[in-house]
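Protein chains in written order, with the working numbering: chain S, 1 to 734; chain L, 1001 to 1281; chain U, 2001 to 2208.
Where a beta carbon is used, it is the ideal one built from N, C-alpha and C, also for glycine.
Being a predicted model, the structure only gives us computed values, none of them experimental.
Heads up, the thing below is written out as structure tokens.
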């Protein structure tokens, strides 16, 4: 411990950490008298802050970076170690709550597979080099770089990292910044932008009396799950809103629905137009353009019932519910947007909100965020394609990666691994040896988010606008590892020294930026120092965003005719889950060991089949399947249950890593690899749900490990009892 | 020993008093919980928060398969539709299941070494350094919420530097020891110590368990049932759920509160509120 | 302990073997004393027994006697965390330097200390008193019970008030240079003191 660099933030000094939980408990100790006396070193603080007391945890506010919802966190620090993360009650995003991915943040930080020193490719192999050599190599190789032959490939970035990243691109004259995020709601954002003038308007789930969600897994993987879960709690309080979930594969949100409706994948748009037709026929007044009205009129009930596989009476029932309960909220999620006609299908679903008068009620403007330069650059699936194209066409001389793993996410047909060879200088600013990092020529290990400074602006802003502020909870585990901000500042200093010399590090840059905020943000703070301290204490800066009305502009919707089901193939549904997310959390043991919420599978990937499909294929839970598209095949184990449409096979997303450390490597399979080259016609986004696959049993049984050994019946015991909502309303208030 | 024997004999009638008579305990606190299944979305946040707070080891796939997993807080998932339905139309039934901190815990009397016993806080304690690993307690637990360390997980579960995350407020259990949910006793102790240092009582909401803290929908409420002002006590009263009894006799039987397997006369300290579904099909 | 029996008898009757009773009674010795608050008027009974600990070699041979016996510095002046935390803590180097920037700067041990300070390295003290990790002793509450609850003038505690209380478990540091373990610090020893002074008997008070 004394080997740690004891510098700037002296309150993080360690004391006696080795006494804290490292020696084992009870049974192997022959005596209650300690074994450690005279052996164990107790390292004292050098010069601690007044409030630091050994043995007493101190909580610091920061920001969770496990997904791009940017929830506020409180981290408990004792003896210099970050121990536990909890939600920050002051954050309007997560209101003191934190999902399992957020809870697991400490396991990314303390992960045994973290990169600790720079690596450079020599004779085809990545070998350790010093930090000085690494920075020098970076400077040398990029000094004569032509901006149009350079690209950044990152995860979602926002705040002052985004500002510095833009500055770095500008300093190079570069324009290419790819943000490949496969489960981002990018098509929905495009539709929303066209339809309402805002890519991410605010949703008031708590105000809706009825939510009809077409596959939007807002409790799990959609946009800002923890925020929506807190809203869901209000939605479900008496008198209790109704949730109808319509999707080909049951998501976590579907598991909580009052009515879960299995729909034939790819027919969501038709159902939405069919519902619109029923509503209009039923006298719902809506101001629609003539063309759209005619389109809707073409979707009569029988046609829609036939196409979607949902009985006509059920469709009428949903239409009746929509008519009865106002305001309602109709959402479109991944299965709707992930099709060849994803834009139109999403538009058709969101159109229902216009017809039902939900706009301005449950879908409201998010206003204009006053600091556009801090806004999130959100992920897009088409960036994955665009980057692969750039690599294929030899358009790039250098690429910098941070927080993105395109090699893992890219479907096999893109041949990204091979085409990456066309880029002579690939640099990874990475925390882990993932697939992309190991394909690079220079690897610079970066700090974890628990060790770094930052500001973040979530694309989805709650009612109270907010800049989430991130501060280190502890000293860096691996000295020298920069955060993204520090890395960018170093890169910028190499190009424009005089412009950035005022800031020795990103911390001082950020402090300066916060001090430069207009006076109305600083409230009663007497000085910049005081405001800075207040900001760190709160972990956020509140930003009032003036509301404005949404301007509804209805697009023309043309959906293709739906082909008759093809009995020989099934629709591949790559299913993201709260936990593994897009695969980025597969290296966290808590996430691997946490059972999938619906299937209860641990430590594996699995393919969900409806019992009727499984019977046809002659397979049962645990059997090994081959799932083959035109682009390749994967082997995956079956999980049979009644939460998936018979025309679909839902393969879990997030496993099948070829690298990425001991917990992720070699576990399960990755369905993204076999995607066909299908894109949404309008936006060019990769269609995740657009591939049909041949599925066959391999005649082998392999074990699928299930929590509770797959037992899912209560055998008449009152374990989980269910009561009708009517009774709930009577007893607990209307 | 002699003084305690005398104590036992002197107070024999007290010891003989059963749970049906209200027991003999003078509780300082009675920590209890409410889990609202209308709000639980089965998201696992509570379970992972428990791993983080309580030094629970990750056992890996093979050992998980053998039933060696150590999740003190697990989410059970049931499908309740009749078998003739084509789909799970009413979604899943999620049930967070953890030690119910029974008032008359079946695990306690079977422990040959008194490693599990009842505290004056109404908790069902497990003393790791006392445990000899007979596993009788686990066999006798109707909820199956006791977890046995079949292995020494220290090196496998926390390779360096993952071990730096371990919570120093409680032990890391070694091979041969039984463990289970403690209602985050380390947090209870901190709050009680703090209150005592300030010569006051523990205030409701001053602290909560890791699971209740994490729950995004506030489905879990934790508190002291003896504190009439506490949210927990008020919820138990509101739902007319009595302790100690084996069958609830509610004035309004439509109220949702119930205790799982209370008919076994174990007096669980966790009240569940029934899941709610709109009949829209 | 009492609770152990509650509900058991009425449901099962006496089904338990003799061995169980013996073990259970051992538990009872712990429990019997564990009722309610300790009456503050009762005289304190210091724990008995001694132990011969190994001499621990420290990086700097710290003279407790010079500080406490000669210079009359209150133990809690340096081990200040004890009032506020479960651990009394090793004082931060800044605390040492608070005095030793000016006092006795020519002495070899102070030179050693100054060297650590200037290199910004903490002194690697060796642990003298340790309990296993499943034991959660808290200094805070013991100091409250044995010092602060009994003293009128807690602002001006003298070393001669504090040191004898610390000596219950650590021996009289006024007579030691480098600390050495002189008390057994076994569970039986702890429990004996808890019984004599009406301390809590709940296992979970210390074990978790």
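Thinking just about the alpha-carbon of each residue, which of U:2158, U:2206, U:2191 and U:2170 is nearest to the one in residue 2218 of chain U?
In the structure as shown, chain U begins at 2001 and stops at 2208. Residue 2218 of chain U is therefore absent and cannot be evaluated.
Taking only the alpha-carbon atoms, compute the straight-line gap between residue 2199 of chain U and residue 2042 of chain U and give it to the nearest angstrom.
The residue given as residue 2199 of chain U occupies position 199 in the third chain. The residue given as residue 2042 of chain U occupies position 42 in the third chain. Their backbone Cα atoms lie some 12 Å apart in a straight line.
Taking the runs of the beta strand (DSSP E) that are 3 residues or longer, which of them lie wholly in the segment 1163-1190 of chain L?
1178-1180
Give the interface partners of residue 40 of chain S over in chain U, defined as CB-CB distance under 8 Å, in chain order.
The residue given as residue 40 of chain S occupies position 40 in the first chain. Correct list: 2126, 2127 and 2130.
Please specify which runs of the beta strand (DSSP E), each continuous and at least 3 residues long, are wholly inside the segment 1043-1131 of chain L, giving them in chain order.
1074-1078, 1093-1097, 1116-1118 and 1124-1126
Helix, strand or coil for residue 409 of chain S per DSSP?
Residue numbering aside, residue 409 of chain S sits at position 409 when the first chain is read from its first letter. Helix at residue 409 of chain S.
DSSP has residue 180 of chain S in a bridge; who is on the other side?
One-based indexing of the first chain puts residue 180 of chain S at position 180. Residue 180 of chain S pairs with S:380.
For residue 250 of chain S, decide whether its Cβ has a neighbour in chain L, counting only Cβ atoms nearer than 8 Å.
Residue 250 of chain S sits at position 250 when you count from the first residue of the first chain. Output row for residue 250 of chain S: interface = yes.
Residue 2193 of chain U versus residue 2142 of chain U - alpha carbon distance
Within the third chain, the letter at position 193 stands for residue 2193 of chain U. Within the third chain, the letter at position 142 stands for residue 2142 of chain U. About 12 Å.
Other residues of its chain near residue 2090 of chain U: CB distance less than 6 Å, five sequence neighbours each side excluded:
For the purposes of this step, residue 2090 of chain U is taken as residue 90 along the third chain, with counting starting at 1. Hits under 6 Å: 2125.
Using a Cβ cut-off of 7 Å, which residues of the segment 42-53 of chain S contact any Cβ in chain U, in chain order?
42, 43, 44, 45, 46, 47, 48 and 53
So if I threshold CB-CB distances at 9 Å, which residues from the segment 1155-1186 of chain L count as touching chain U?
1168, 1169, 1170, 1171, 1172, 1173, 1182, 1185 and 1186
For residue 1267 of chain L, three-class secondary structure by DSSP:
In the second chain, residue 1267 of chain L corresponds to position 267, counting from 1. Of the three classes helix, strand and coil, the one that applies to residue 1267 of chain L here is coil, per DSSP.
Any C-beta of chain U within less than 9 Å: which residues of the segment 56-88 of chain S qualify?
56
Kindly say whether residue 620 of chain S, judged by its beta-carbon, lies nearer than 8 Å to any beta-carbon of chain L.
Reading the first chain from its first residue, position 620 is the one you call residue 620 of chain S. It does not: the Cβ of residue 620 of chain S has no partner Cβ on chain L nearer than 8 Å.
With residue 409 of chain S and residue 182 of chain S assumed to form a contact (beta carbons below 8 Å), what rounded beta-carbon distance in angstroms separates them?
For the purposes of this step, residue 409 of chain S is taken as residue 409 along the first chain, with counting starting at 1. For the purposes of this step, residue 182 of chain S is taken as residue 182 along the first chain, with counting starting at 1. Rounded, the Cβ-Cβ distance is 5 Å, consistent with contact.
Within chain U, the residues that residue 1153 of chain L reaches when beta carbons sit closer than 8 Å
On the second chain, position 153 is the one that residue 1153 of chain L refers to. Here the premise fails: no neighbours, minimum Cβ distance about 15 Å.
Tell me the DSSP secondary structure of residue 2188 of chain U in three-state form.
Counting from one through the third chain, the residue named residue 2188 of chain U turns up at place 188. Correct three-state label for residue 2188 of chain U: helix.
Give the straight-line distance between the Cα atoms of residue 658 of chain S and residue 1069 of chain L, rounded to the nearest whole angstrom.
The count along the first chain starts at 1 and reaches residue 658 of chain S at position 658. The count along the second chain starts at 1 and reaches residue 1069 of chain L at position 69. About 26 Å.
Mind checking the segment 2196-2207 of chain U against chain S and listing, in chain order, the residues whose C-beta falls within less than 8 Å of any C-beta there?
none
So what does DSSP say about residue 585 of chain S, is it helix, strand or coil?
Residue numbering aside, residue 585 of chain S sits at position 585 when the first chain is read from its first letter. Reduced to three states, the DSSP call for residue 585 of chain S is coil.
Under the three-state DSSP convention, the category residue 696 of chain S falls into:
Position 696 of the first chain, counted from the start, is the residue given in the question as residue 696 of chain S. DSSP places residue 696 of chain S in strand when its eight states are reduced to three.
State the start and end residues of the unbroken alpha helix (DSSP H) segment that holds residue 665 of chain S.
Along the first chain, read from residue 1 onward, the residue named residue 665 of chain S stands at position 665. It is not in any alpha helix (DSSP H) - residue 665 of chain S carries neither H nor E in the DSSP assignment.
What are the boundary residues of the beta strand (DSSP E) that residue 196 of chain S is part of?
The residue labelled residue 196 of chain S in the question sits at position 196 within the first chain. No beta strand (DSSP E) holds residue 196 of chain S; the alpha helix (DSSP H) holding it covers 186-196.
Output the boundary residues of the alpha helix (DSSP H) element that contains residue 324 of chain S.
Here residue 324 of chain S is taken as the residue at index 324 of the first chain, counted from 1. Segment 312-324, the alpha helix (DSSP H) holding residue 324 of chain S.
Meets three-Cβ-pair contact criterion under 8 Å: the segment 96-114 of chain S and the segment 1048-1057 of chain L:
yes
Quick check on residue 249 of chain S: buried or exposed, where buried means 16 or more other Cβ atoms within 10 Å of its Cβ?
For the purposes of this step, residue 249 of chain S is identified with residue 249 of the first chain, where counting begins at 1. It is buried - the Cβ of residue 249 of chain S has at least 16 other Cβ atoms within 10 Å.
In terms of residues, what are the limits of the alpha helix (DSSP H) holding residue 485 of chain S?
Mapped onto the first chain, residue 485 of chain S falls at position 485. It spans 484-495 - the alpha helix (DSSP H) in which residue 485 of chain S sits, taken as one unbroken run.
Buried/exposed call for residue 1132 of chain L, threshold 16 Cβ in 10 Å
To locate residue 1132 of chain L, count along the second chain from 1; it is residue 132. Exposed, since its Cβ has fewer than 16 Cβ neighbours within 10 Å.
Cross-chain neighbours of residue 2081 of chain U in chain S, by beta carbon under 9 Å
In the third chain, counting from the first residue as 1, residue 2081 of chain U sits at position 81. Residues of chain S passing the Cβ test: 53, 54, 55 and 56.
Report yes or no: is there a C-beta of chain L within less than 8 Å of the C-beta of residue 34 of chain S?
By one-based count along the first chain, residue 34 of chain S stands at place 34. Note that residue 34 of chain S has pLDDT 43, beneath the 50 cutoff, so the model's placement of it is unreliable and the number below is only indicative. False, the Cβ-Cβ gap to chain L never drops below 8 Å.
Just to confirm my understanding: we take residue 164 of chain S, look at its own chain, exclude 5 residues before and 5 after, and list those with CB closer than 7 Å. What are they?
On the first chain, residue 164 of chain S is found 164 positions in, with the first residue counted as 1. Counting only Cβ-Cβ distances below 7 Å, and skipping sequence neighbours, we find 485, 488, 489 and 492.
With 16 other CB atoms within 10 Å as the buried threshold, where does residue 405 of chain S fall?
The residue labelled residue 405 of chain S in the question sits at position 405 within the first chain. By the neighbour-count rule (16 or more Cβ atoms within 10 Å), residue 405 of chain S is buried.
Could you tell me the alpha carbon to alpha carbon distance between residue 2039 of chain U and residue 241 of chain S, rounded to whole angstroms?
The residue you call residue 2039 of chain U lines up with position 39 of the third chain. The residue you call residue 241 of chain S lines up with position 241 of the first chain. Because the pLDDT of residue 2039 of chain U is 46, which lies under 50, any placement of that residue in the model is unreliable, and the number read from its coordinates should be weighed accordingly. If I take the Cα positions, the gap works out to 56 Å.
Beta carbon of residue 1033 of chain L: closer than 7 Å to some heavy atom of the ligand GDP?
Ligands are entirely absent from the displayed structure, and the ligand GDP is therefore not among its contents.
Please state the DSSP three-state secondary structure of residue 613 of chain S.
Within the first chain, numbered from 1, the residue matching residue 613 of chain S stands at position 613. Helix.
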